[in-house]
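Notes follow the structure.
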């Protein structure tokens, strides 16, 4: 019975530990740099319909990665009351999409490294008795038992470390729709949002919906300077953007 109880308790503890690890893994924090600008005097300040196009004309719009990313962006735009026009020629604006990852680079950064020390706990004296098997005589003596050793944090030291940086980016640029016009006149830029992330991850697909989420609040706005935006994988805006793509596939 005791053995069975131990096994059940061990299983319960293992399950709780696994759940804790899963929750931690699913709650990653992402740090983004968001820089947004807007035209203070646009031709059409009420523009809300758009057509989505890749900034690079050579991008295959039937590519699954592009379609997936475009769906995340559409969901982010919908949060600002914008919608995709059925007829591209009737759209108020053309939104150019650009995303990718720069070649990796090395950087030397100062990091804080924890320092620990081992602390010897107080010991104690104990009395022990030993019986001689031949004579039966009992000898009593005192021995010293050392205290328990523990490790404690005593502070941090700064060290220079060389790390690999992978810069991932997403740029949304809205311009006046001139698709129906003839000639090569430059379209007026209405607004632009640039989102960047710099860390050691090379998983661009994981970061694309996060970058679209980070852009949501700054679409059509002016940040004046780059802002740091931290998002968790279970934040409401991230959940909103990711679920949007699910609706597209229904």
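Residue numbers (mature numbering (1 follows the signal peptide of the UniProt record, and there is no 0)): -25 to -1, 1 to 225. Glycine is no exception: its CB is placed at the ideal position from the N, C-alpha and C atoms.
> From what residue to what residue does the beta strand (DSSP E) around residue 196 run?
Replying inline: Here residue 196 corresponds to residue number 221 of the chain shown, with the count starting at 1. Annotation: residue 196 is outside any beta strand (DSSP E) and is labelled neither H nor E by DSSP.
> In angstroms, rounded to a whole number, what distance separates the CA positions of residue 117 and residue 124?
Replying inline: Here residue 117 refers to the residue found at position 142 of the chain shown. Here residue 124 refers to the residue found at position 149 of the chain shown. A straight-line Cα-Cα distance of about 22 Å links residue 117 and residue 124.
> With burial defined as no fewer than 16 other Cβ atoms inside 10 Å of the residue's Cβ, what is the status of residue 50: buried or exposed?
Replying inline: What you label residue 50 is simply residue 75 of the chain shown in a count that begins at 1. When all chains shown are included, residue 50 counts as buried.
> Are the beta-carbon atoms belonging to residue 34 and residue 193 less than 8 Å from one another?
Replying inline: As a position in the chain shown, residue 34 is number 59, starting the count at 1. As a position in the chain shown, residue 193 is number 218, starting the count at 1. No, these two residues do not count as a Cβ contact at 8 Å.
> For the segment 131 to 217, which segments carrying the alpha helix (DSSP H) assignment without a break, of at least 4 residues, lie completely within its bounds, in sequence order?
Replying inline: With a minimum length of 4 residues, the continuous alpha helix (DSSP H) runs that stay inside the segment 131 to 217 are 179 to 191.
> Which two residues bound the contiguous alpha helix (DSSP H) that contains residue 256?
Replying inline: This structure gives no information on residue 256, because the portion of the chain shown stretches from -25 to 225.
> Taking the alpha carbon of residue 146 as the point to measure from, which residue in 110, 163, 44 has its own alpha carbon closest?
Replying inline: Numbered from its first residue, the chain shown carries residue 146 at position 171. The shortest Cα separation from residue 146 among 110, 163, 44 belongs to 44.
> Based on the DSSP output, what are the partners of residue 73 in its beta bridges?
Replying inline: Here the question's residue 73 lines up with position 98 in the chain shown. Beta-bridge partners of residue 73 (DSSP): 146.
>> Per the DSSP calculation, residue 61 is bridged to which residue(s)?
In response: As a working note, residue 61 is residue 86 in the chain shown. DSSP lists no partner for residue 61.
>> Taking the straight line between their C-alpha atoms, what separation do you get for residue 129 and residue 94?
In response: Translated into the one-based positions of the chain shown, residue 129 becomes position 154. Translated into the one-based positions of the chain shown, residue 94 becomes position 119. Each residue's alpha carbon lies about 11 Å from the other.
> To the nearest angstrom, how far is it from the Cα of residue 89 to the Cα of residue 27?
Replying inline: Here residue 89 corresponds to residue number 114 of the chain shown, with the count starting at 1. Here residue 27 corresponds to residue number 52 of the chain shown, with the count starting at 1. If you take the alpha carbons of residue 89 and residue 27, they lie about 49 Å apart.
> Do we get a CB-CB distance below 8 Å when we pair residue 45 with the residues of chain E?
Replying inline: You won't find chain E in this structure, because it holds only one protein chain.
> For residue 98 versus residue 120, is the C-beta distance shorter than 8 Å?
Replying inline: Start at 1 with the first residue of the chain shown, and residue 98 comes out as number 123. Start at 1 with the first residue of the chain shown, and residue 120 comes out as number 145. Contact flag set, yes.
> Between residue 2 and residue 201, what straight-line distance do the alpha-carbon atoms span, to the nearest angstrom?
Replying inline: Indexing the chain shown from 1 puts residue 2 at position 27. Indexing the chain shown from 1 puts residue 201 at position 226. Here the C-alpha atom of residue 2 lies approximately 25 Å from the C-alpha atom of residue 201.
> From 24, 22, 54, pick the residue whose C-alpha is nearest to that of residue 190; which is it?
Replying inline: Taking the chain shown and counting its residues from 1, one reaches residue 190 at position 215. Relative to residue 190, the option among 24, 22, 54 whose CA is nearest is 54.
> Between residue 71 and residue 174, what straight-line distance do the alpha-carbon atoms span, to the nearest angstrom?
Replying inline: If you number the chain shown from 1, residue 71 lands on position 96. If you number the chain shown from 1, residue 174 lands on position 199. Distance between the alpha carbons of residue 71 and residue 174: 25 Å.
> In whole angstroms, what separates the C-alpha of residue 184 from that of residue 62?
Replying inline: Locating residue 184 in the chain shown gives position 209, counting from the first residue. Locating residue 62 in the chain shown gives position 87, counting from the first residue. For the pair residue 184 and residue 62, the Cα-to-Cα distance works out to about 26 Å.
> CB-CB under 7 Å to residue 64, same chain, minus the five flanking residues each way: which ones, in chain order?
Replying inline: Numbered from its first residue, the chain shown carries residue 64 at position 89. Taken in chain order, the residues that qualify are 154, 155.
> Which stretch, first to last residue, makes up the beta strand (DSSP E) that contains residue 90?
Replying inline: As a working mapping, residue 90 is identified with position 115 in the chain shown. It spans 80 to 95 - the beta strand (DSSP E) in which residue 90 sits, taken as one unbroken run.
> What are the boundary residues of the beta strand (DSSP E) that residue 29 is part of?
Replying inline: Counting from 1 along the chain shown, the entry for residue 29 is found at position 54. Where residue 29 is concerned, the enclosing beta strand (DSSP E) stretches over 24 to 29.
> Since residue 86 and residue 42 are thought to touch, with beta carbons under 8 Å apart, how far apart are those beta carbons, to the nearest angstrom?
Replying inline: Counting from one through the chain shown, the residue named residue 86 turns up at place 111. Counting from one through the chain shown, the residue named residue 42 turns up at place 67. Between residue 42 and residue 86 the Cβ distance is about 39 Å, and since that is not below 8 Å, they are no contact.
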